[in-house]
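Numbering follows the UniProt record's numbering, with no gaps: position 7 of the sequence shown is 7.
Each residue gets a CB set at the ideal place from its N, CA and C atoms; glycine is no exception.
Below you'll find the structure, written out as structure tokens, and then a few comments.
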Amino acid sequence: MAVSQVAQESESPLQAEQESEPEEMELSKDEIFYLLKNRRRRDIVRYLMDNDGTATLSELAEHIAAWENDIEVQALNSGQRKRVYVALYQTHLPKLAENGIIEYERNRGDVELTENAELLKTYLEDDESERDPWSKRYAALSVTGALSIGLLTVGGVSLGVSMTQFTVLLTAAFLVASLAHTYEARLGLDR
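And the structure:
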């Protein structure tokens, strides 16, 4: 009996170590799409990927609420924070943890990405354009400029400016847009 107790004791630390390591899971495309069909879950994973893979529940709730309300974190009211906090706490973080994408210490509010999050990366990259309003702004500015140049040169329409003046105006518009984009990116407002 003493021999079996020694064998059990020597296996226990190994078993405990195996249990503490995140288990690598295989997720089907259907499971991945199910996890990513919700904007908040995509935002959780994206925020963690952009911030060293760790965050607190409060931090996640604040940033996601700010993104959803298109305002800065400092401008959030308690109702906006709480609405997101409750949804993350009760639904989204447990769902991601259950599927091995994050480790979630519910009592402490600590969240950490696991290696399994790499399974989602490809699908999240496609979603970036949805969140980037600047690509749409640059496209609109380019189309407007191209149409105006076409009207000036081919159509013979007079816009009240010469081609040189128009070129300077268009270049200035792109410069202003680029500066605004850079400013927002540095402040983190472009999310």
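Per the coordinates, the alpha-carbon of L93 lies some 14 Å from the alpha-carbon of G53. Measuring C-alpha to C-alpha distances from T171 to each of L141, Y123, I64, L147 identifies L141 as the nearest. Residues of the same chain with a CB within less than 7 Å of the CB of D43, apart from the 5 flanking positions on each side, are I64, W67 in chain order.
DSSP places I64 in the uninterrupted alpha helix (DSSP H) bounded by 57-69. Ranked by Cα distance from S28, the first of Y47, N77, Y123, L175 is Y123. The C-beta distance from A117 to M49 rounds to 7 Å, short enough to meet the 8 Å contact threshold.
Listed in chain order, the beta strand (DSSP E) runs fully inside the stretch 98-173 are 102-105, 110-113, counting runs of at least 3 residues. In the DSSP annotation of this structure, the continuous segment of the alpha helix (DSSP H) that includes E31 starts and ends at 29-36. Cα atoms of Q90 and R41: separation of roughly 12 Å, rounded to the nearest angstrom. Taking the CA atoms as reference points, E62 sits about 27 Å from R137. In the DSSP assignment, Q80 falls within the alpha helix (DSSP H) that extends over 78-87. By the neighbour-count criterion, in which 16 or more other beta carbons inside 10 Å mark a residue as buried, Y85 falls on the buried side. Looking at the backbone, the Cα of L175 and that of I32 are separated by about 40 Å. Taking all protein chains shown into account, A55 has 16 or more neighbouring C-beta atoms within 10 Å of its C-beta and is therefore buried. A straight line joining the alpha-carbon of R108 with that of E59 spans about 13 Å.
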